[in-house]
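This report refers to the structure that appears directly beneath it.
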Amino acid sequence: MYPPMKLSLDELRLRTLGAADADLLVEATGEESAAALWGPRPAGPYSSTDARTALRAWDPESAGPVSFGVLRGSRLVAAVGLMPSGERVAELAYWVRPGQRRQGIGSRAVTAVTRWAHEPAGVRRVWLEINPDNEASLRLARRSGYRFEERLPRHCRCWTVDDPERDGWHDCLIWVHDLDAR
Ligand SMILES: CC(C)(COP(=O)(O)OP(=O)(O)OC[C@H]1O[C@@H](n2cnc3c(N)ncnc32)[C@H](O)[C@@H]1OP(=O)(O)O)[C@@H](O)C(=O)NCCC(=O)NCCS
Numbered sequence: 047m048y049p050p051m052k053l054s055l056d057e058l059r060l061r062t063l064g065a066a067d068a069d070l071l072v073e074a075t076g077e078e079s080a081a082a083l084w085g086p087r088p089a090g091p092y093s094s095t096d097a098r099t100a101l102r103a104w105d106p107e108s109a110g111p112v113s114f115g116v117l118r119g120s121r122l123v124a125a126v127g128l129m130p131s132g133e134r135v136a137e138l139a140y141w142v143r144p145g146q147r148r149q150g151i152g153s154r155a156v157t158a159v160t161r162w163a164h165e166p167a168g169v170r171r172v173w174l175e176i177n178p179d180n181e182a183s184l185r186l187a188r189r190s191g192y193r194f195e196e197r198l199p200r201h202c203r204c205w206t207v208d209d210p211e212r213d214g215w216h217d218c219l220i221w222v223h224d225l226d227a228r
């Protein structure tokens with residue numbers, strides 16, 4: 047379990063998201079047509095049920111994944127997730143709501159959450175899994191101080207169809223940020 051997060055980045059506030067934040071997810075995903083942070087489904091806007099289900103799965107009181115909201119005023123503009131994957135190791139994921147992209151919000155939030163993950167949260171190694179076609183994510187990773195580690199062939203599910211038997215798999219690029227690299 048990670049400690050609760052509360053950070054300020056100029057006009058942005060970052061904080062741990064919990065069960066009471068479902069309405070924020072519904073509002074923020076309203077214009078989305080693809081997957082948001084909390085999983086491949088739903089692709090597109092979240093209903094209240096979707097949002098409550100997502101926040102139960104990303105319960106900050108558990109030893110599992112936790113999500114952090116990036117708020118400007120009362121609006122959720124982005125979210126970053128931390129998913130423990132071993133002793134002091136965690137995968138990081140990120141999403142910026144459509145309409146707020148390409149303003150530096152993603153890289154500012156990822157830089158801040160990565161620093162927080164190292165200290166005070168105590169994660170030694172933070173890693174990203176990126177689709178080679180996702181130019182925005184690759185550039186964000188580089189800008190946020192991550193380094194490319196390896197390419198895993200056909201490692202990630204495409205989620206183009208719900209049936210796993212009929213779905214495709216694509217290569218994934220692993221990028222890492224080690225505590226020593228701060
Ligand atoms: C990836 C994502 C989080 C980027 O967030 P953002 O707030 O737009 O990113 P920033 O504004 O901080 O930009 C970071 C870098 O990416 C570049 N970038 C952003 N969007 C881009 C795009 N559509 N195409 C090419 N480059 C892009 C920026 O120019 C910047 O590059 P630079 O550092 O070389 O100048 C956002 O596009 C998103 O939410 N995408 C959908 C979810 C997703 O793909 N998550 C990552 C899964 S691995």
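Residues in the sequence shown are numbered consecutively from 47, following our numbering.
Glycine included, each C-beta is placed from N, C-alpha and C at the ideal position.
All values derive from a computational prediction rather than experimental measurement.
Check your understanding: Taking the DSSP output, what are the residues bridged to V135?
Key -> In the sequence shown, residue 135 corresponds to position 89, counting from 1. According to DSSP, V135 shares a beta bridge with G132 and R171.
Exercise for review: Please determine, among A182, S54 and E73, the residue with the shortest C-alpha to C-alpha distance to P91.
Suggested key: Along the sequence shown, read from residue 1 onward, the residue named residue 91 stands at position 45. The residue with the shortest Cα to Cα distance from P91 is E73.
Practice item. Note down, one range per segment and in chain order, each beta strand (DSSP E) of at least 3 residues found wholly within the segment 175–218. Key: Within the segment 175–218, the complete beta strand (DSSP E) runs of at least 3 residues are 193–203.
Review point. For A66, does the count of other Cβ atoms within 10 angstroms reach 16, so buried, or fall short, so exposed?
Key: Here residue 66 refers to the residue found at position 20 of the sequence shown. Answer is exposed; the Cβ neighbour count stays below 16.
Check your understanding: By DSSP, does W221 sit in helix, in strand, or in coil?
Key -> Numbered from its first residue, the sequence shown carries residue 221 at position 175. In the structure shown, the three-state DSSP call for W221 is strand.
Review point. If you check the beta carbons only, do R143 and E57 fall under 8 angstroms apart?
Key: Numbered from 1 along the sequence shown, position 97 holds the residue referred to as residue 143. Numbered from 1 along the sequence shown, position 11 holds the residue referred to as residue 57. No, the Cβ-Cβ distance between R143 and E57 is not below 8 angstroms.
Check your understanding: Alpha carbon to alpha carbon, what distance is there between G110 and G168?
Key -> Taking the first residue of the sequence shown as position 1, residue 168 is located at position 122. Taking the first residue of the sequence shown as position 1, residue 110 is located at position 64. Distance between G168 and G110, taken at the CA atoms: about 15 angstroms.
Review point. W173 to E137, Cα distance in whole Å?
Key: Taking the first residue of the sequence shown as 1, we reach residue 173 at position 127. Taking the first residue of the sequence shown as 1, we reach residue 137 at position 91. In this structure, the straight-line span from the alpha carbon of W173 to that of E137 is close to 5 angstroms.
Check your understanding: Between which two residues does the alpha helix (DSSP H) harbouring A74 extend?
Key -> Numbered from 1 along the sequence shown, position 28 holds the residue referred to as residue 74. Element bounds for A74: A68 to A74.
Check your understanding: Between N180 and the rest of its own chain, which residues show a CB-CB distance below 6 angstroms, the 5 nearest in sequence each way excluded?
Key -> Locating residue 180 in the sequence shown gives position 134, where the first residue counts as 1. Once the five neighbours on either side are set aside, N180 has no close Cβ partner at all.
**Study point:** Status (buried if at least 16 other CB within 10 Å, exposed otherwise) for W84
**Key:** Mapped onto the sequence shown, residue 84 falls at position 38. With 16 or more Cβ atoms within 10 Å of its Cβ, W84 is classed as buried.
Review point. Going by other Cβ atoms of all chains shown within 10 Å of its Cβ, with 16 needed for buried, is R171 buried or exposed?
Key: Your numbering for residue 171 matches position 125 in the sequence shown. R171 is buried by the Cβ-count criterion.
Exercise for review: Flag this pair as yes or no: are the beta carbons of L60 and M47 separated by less than 8 angstroms?
Suggested key: As a position in the sequence shown, residue 60 is number 14, starting the count at 1. As a position in the sequence shown, residue 47 is number 1, starting the count at 1. With respect to M47, L60 sits apart: the two C-beta atoms are not nearer than 8 angstroms.
Review point. Is there at least one non-hydrogen atom of ligand 1 closer than 7 angstroms to the beta-carbon of G150?
Key: Along the sequence shown, one-based indexing puts residue 150 at 104. If you check the C-beta of G150 against ligand 1, you find a heavy atom less than 7 angstroms away.
Check your understanding: Can we count R139 as close to ligand 1, meaning its CB is less than 7 angstroms from some heavy atom?
Key -> Along the sequence shown, one-based indexing puts residue 139 at 93. Residue identity check: residue 139 is Ala in the sequence provided, not Arg. The nearest non-hydrogen atom of ligand 1 is less than 7 angstroms from the C-beta of A139.
Check your understanding: Going along the chain, which residues of its own chain have a beta-carbon closer than 6 angstroms to the beta-carbon of P106, five neighbours each way excluded?
Key -> As a first step, residue 106 must be located in the sequence shown, where it is residue number 60. Correct list, in chain order: T62, G64 and V112.
Point to revise | P193 to Q146 span [Cα, whole Å] | key: In the sequence shown, counting from the first residue as 1, residue 193 sits at position 147. In the sequence shown, counting from the first residue as 1, residue 146 sits at position 100. One point to set straight first is that residue 193 is Arg, not Pro, in the sequence displayed. Rounded to whole angstroms, R193 to Q146 spans 25 angstroms at the Cα level.
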